[in-house]
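Q:
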Amino acid sequence: ANVIFGTVALIIMGLTGNGNVSADGDDGVDGSTRKWWGGTPNLPKKPFISSGFSQVCSKGFTSLALANGLSFPVATLAKSGKM
Numbered sequence: 003a004n005v006i007f008g009t010v011a012l013i014i015m016g017l018t019g020n021g022n023v024s025a026d027g028d029d030g031v032d033g034s035t036r037k038w039w040g041g042t043p044n045l046p047k048k049p050f051i052s053s054g055f056s057q058v059c060s061k062g063f064t065s066l067a068l069a070n071g072l073s074f075p076v077a078t079l080a081k082s083g084k085m
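Quick note: the sequence shown uses the working numbering, first residue 3, plus one each step.
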């Protein structure tokens, strides 16, 4: 259900707001061309990469710990403590 709602939201955002692009690619407001899914220009990607990598590592270490006998309550307590 979340995937469906997310897809619908992206389509609505694309058809309204920044997505109204005429046939020649000019939105007619300030002469700039806008893309539907272009993202924010000059956005630093390093924080997103490091955050994503740490989340993947955290999930992997938690799964390994549970597979090797750590009890779920202790894992949950440790996870809450790191927050």
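The C-beta atom is built at its ideal place from N, Cα and C for all residues, glycine as well. Since we're looking at a predicted model, the values are computed, not measured.
I'd like the list of long-range same chain contacts for T64, defined as Cβ closer than 8 Å, with 5 residues on each side in sequence excluded.
A: As a working mapping, residue 64 is identified with position 62 in the sequence shown. Closer than 8 Å at Cβ, skipping near neighbours: A77, K81.
Q: Determine the DSSP secondary structure at T42, reduced to helix, strand or coil.
A: Locating residue 42 in the sequence shown gives position 40, where the first residue counts as 1. Annotated three-state conformation of T42 is coil, per DSSP.
Q: Would you identify the three-state DSSP class for K61, choosing helix, strand or coil?
A: Within the sequence shown, the letter at position 59 stands for residue 61. K61: helix per DSSP, three-state reduction.
Q: What first and last residue would you give for the alpha helix (DSSP H) that runs through G16?
A: Here residue 16 corresponds to residue number 14 of the sequence shown, with the count starting at 1. Note, G16: alpha helix (DSSP H), 4-17.
Q: Expressed to the nearest angstrom, what Euclidean distance is found between the alpha-carbon atoms of P75 and N4?
A: Here residue 75 refers to the residue found at position 73 of the sequence shown. Here residue 4 refers to the residue found at position 2 of the sequence shown. Using only the alpha carbons, I get a separation of about 28 Å.
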